[in-house]
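**Student:** Using the numbering used here, the letters of the sequence shown correspond one by one to residues 22 to 304.
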Amino acid sequence: MSSTPAISVMMPTYNVEDYVADTIDSVLQQTFTDWELIIVDDGSTDGTPQVIDRYAEKDSRIKVYHYEHGGRGVARNRCLKHSRGKYIAICDSDDISFPERFEKQISFLENNLDIGVVGAQLCSFTEKPILDKTKIISWPTNSNAVYNDFQKNKMKISNCAAMIRMSIFKEYGGYCEELHRSQDYEFFKRILNKGIKLTNLPEVLVFYRQANYVANFRRYQESAMYKNYADYVANGGSQTFSEFCENFTTKLYRQFIKLKYLRFILIMNMRKSYLKAKIILKQ
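1. ALA166 and ILE111 look like a contact to me (Cβ under 8 Å); what is the Cβ gap, rounded to whole Å?
2. What are the boundary residues of the alpha helix (DSSP H) that PHE171 is part of?
3. Considering just the uninterrupted stretch of the alpha helix (DSSP H) at ILE127, what are its terminal residues?
4. Count the C-beta pairs between the segment 120-137 and the segment 165-179 that are closer than 8 Å, then say yes if the count reaches three, no if not.
5. Check each candidate in LEU152, ASP46, GLN50 and name the one with the smallest Cα separation from ASP115.
6. With a CB to CB cut of under 7 Å and the five nearest residues on each side skipped, what residues in its chain are close to LYS125?
7. By the DSSP assignment, the beta strand (DSSP E) with HIS87 in it spans what residues?
8. Thinking C-beta only, is LYS84 closer than 8 Å to MET187?
9. Between VAL37, GLY216, TYR206, which lies nearest to THR69 when the distance is taken from Cα to Cα?
10. Since I believe GLU57 is in contact with VAL30 (beta carbons under 8 Å), could you give me their beta-carbon distance rounded to a whole number of angstroms?
11. Whose C-alpha, out of ASP39, THR34, ALA77, is nearest the C-alpha of LEU49?
12. Does the distance from the CB of GLU121 to the CB of THR52 come in under 8 Å?
13. With distances taken between CB atoms, is the gap from ILE59 to SER118 smaller than 8 Å?
14. Measuring straight from C-alpha to C-alpha, what distance separates LYS175 and LYS215?
15. Alpha carbon to alpha carbon, how far is PHE228 from PRO161?
16. Taking the straight line between their C-alpha atoms, what separation do you get for GLU192 and TYR86?
17. What residue range does the beta strand (DSSP E) around ALA96 cover?
18. In angstroms, rounded to a whole number, what distance separates the CA positions of ASP63 and ASP39?
19. To the nearest angstrom, how far is it from the Cα of ILE73 to the Cα of LEU143?
20. Can you tell me whether DSSP reads SER291 as helix, strand or coil?
21. Give the straight-line distance between the Cα atoms of ARG93 and LEU287, rounded to the nearest whole angstrom.
22. Checking 8 Å against the spacing of the C-beta atoms, do SER164 and LYS156 come in under that value?
23. Kindly indicate which three-state DSSP category VAL37 falls into: helix, strand or coil?
Here it is as structure tokens:
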């Protein structure tokens, strides 16, 4: 094993004391062992700092850094700042990687130099991670298909299962810190626009923890504006998020007024047609 690890595992944490131990254990159980685990705690207010510190005391490959809360994009970029590996493996702090994940992904990237990012298939779970075919989240295994989906604003690769060449971050930068959500979408779309190829392995390599319906719906609502801004930034936009929101909201309000007016016209036309029909029937 070299002094510089082949893989830096990126794991930002924030209030995940109930899940993070299982996630770290899944990294410790990897069949590929030449890695460092970079954990950046983003100002957790629960017992997360104590849990991750205990792991760092037991294994020198685990590096823990504590910061005040800065947001997801800031925490991810702080992970990158401390990373030394040739490859970055994304590992969300509540998901679980299969033991062979790193081995399969690094082998693929070493043998496919034209690919910059490789993901994998996922299996969702809420309580216990059990491989259930009905809960598999499938992504395309062809880089052209991934590219074409992104052009339709569809993200068909999961950040939580991605392994990325460090050289890509060095050349094109990290995650957009203005975005509270959809930083991964903006990053992937930005590098796709630069000609970087993304694909997925056909195997399920990550158990993805799924929140309850209410939480998912709330995330969906919050993500809508951020995704629109992510598209804007990835395409070279320079407005701040607040400026973009102000303009975007104004446009939406104008569209809303137009829709209300069209609805009014439609109702009036329907009423006229109804009155005409009523008169004809009386004759």
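For each residue, glycine too, the CB sits at the ideal point set by N, CA and C.
Quick caveat, the model's predicted, so the values are computed rather than measured.
**Tutor:** If we stick to the structure as given:
1. As a position in the sequence shown, residue 166 is number 145, starting the count at 1. As a position in the sequence shown, residue 111 is number 90, starting the count at 1. Contact between ALA166 and ILE111 does not hold, since their C-beta atoms are separated by about 21 Å, which reaches or exceeds 8 Å.
2. Along the sequence shown, one-based indexing puts residue 171 at 150. Where PHE171 is concerned, the enclosing alpha helix (DSSP H) stretches over 164-172.
3. On the sequence shown, residue 127 is found 106 positions in, with the first residue counted as 1. Per DSSP, ILE127 belongs to the alpha helix (DSSP H) from 122-132.
4. Because the criterion of three Cβ pairs below 8 Å is not met, the segment 120-137 and the segment 165-179 do not touch.
5. Position 94 of the sequence shown holds residue 115. The alpha carbon of ASP115 has as its nearest neighbour, out of LEU152, ASP46, GLN50, the alpha carbon of ASP46.
6. Indexing the sequence shown from 1 puts residue 125 at position 104. These residues qualify, in order along the chain: LEU222, GLU224, LEU226.
7. In the sequence shown, the residue the question calls residue 87 occupies position 66. Residues 83-88.
8. For the purposes of this step, residue 187 is identified with residue 166 of the sequence shown, where counting begins at 1. For the purposes of this step, residue 84 is identified with residue 63 of the sequence shown, where counting begins at 1. No, they are not a contact pair.
9. Translated into positions along the sequence shown, residue 69 becomes position 48. Comparing Cα positions, the closest option is VAL37.
10. Position 9 of the sequence shown, counted from the start, is the residue given in the question as residue 30. Position 36 of the sequence shown, counted from the start, is the residue given in the question as residue 57. Rounded, the Cβ-Cβ distance is 7 Å, consistent with contact.
11. In the sequence shown, residue 49 corresponds to position 28, counting from 1. When only C-alpha atoms are compared, the closest one is ALA77.
12. In the sequence shown, counting from the first residue as 1, residue 121 sits at position 100. In the sequence shown, counting from the first residue as 1, residue 52 sits at position 31. Yes.
13. In the sequence shown, the residue the question calls residue 59 occupies position 38. In the sequence shown, the residue the question calls residue 118 occupies position 97. Not in contact: ILE59 and SER118 (Cβ atoms no closer than 8 Å).
14. Residue 175 sits at position 154 when you count from the first residue of the sequence shown. Residue 215 sits at position 194 when you count from the first residue of the sequence shown. For LYS175 and LYS215, the gap between their C-alpha atoms comes out near 18 Å.
15. For the purposes of this step, residue 228 is taken as residue 207 along the sequence shown, with counting starting at 1. For the purposes of this step, residue 161 is taken as residue 140 along the sequence shown, with counting starting at 1. Between PHE228 and PRO161, the C-alpha separation is close to 18 Å.
16. Position 171 of the sequence shown, counting from 1, holds the residue named residue 192. Position 65 of the sequence shown, counting from 1, holds the residue named residue 86. Spanning the two alpha carbons is a distance of roughly 25 Å.
17. Taking the first residue of the sequence shown as position 1, residue 96 is located at position 75. Here ALA96 belongs to no beta strand (DSSP E); instead the alpha helix (DSSP H) covers 93-103.
18. Here residue 63 refers to the residue found at position 42 of the sequence shown. Here residue 39 refers to the residue found at position 18 of the sequence shown. If you take the alpha carbons of ASP63 and ASP39, they lie about 16 Å apart.
19. One-based indexing of the sequence shown puts residue 73 at position 52. One-based indexing of the sequence shown puts residue 143 at position 122. ILE73 and LEU143: Cα-Cα distance of roughly 25 Å.
20. Taking the sequence shown and counting its residues from 1, one reaches residue 291 at position 270. Sequence check: residue 291 is Met here, not Ser. The answer is helix: DSSP assigns MET291 an H, G or I state.
21. Position 72 of the sequence shown, counting from 1, holds the residue named residue 93. Position 266 of the sequence shown, counting from 1, holds the residue named residue 287. For ARG93 and LEU287, the distance between alpha carbons rounds to 46 Å.
22. Sequence index remark: in the sequence shown, residue 164 carries index 143 (1-based). Sequence index remark: in the sequence shown, residue 156 carries index 135 (1-based). Taking 8 Å as the cut-off, the beta carbon of SER164 is found no closer than this to the beta carbon of LYS156.
23. If you number the sequence shown from 1, residue 37 lands on position 16. When DSSP states are grouped into helix, strand and coil, VAL37 belongs to the coil group.
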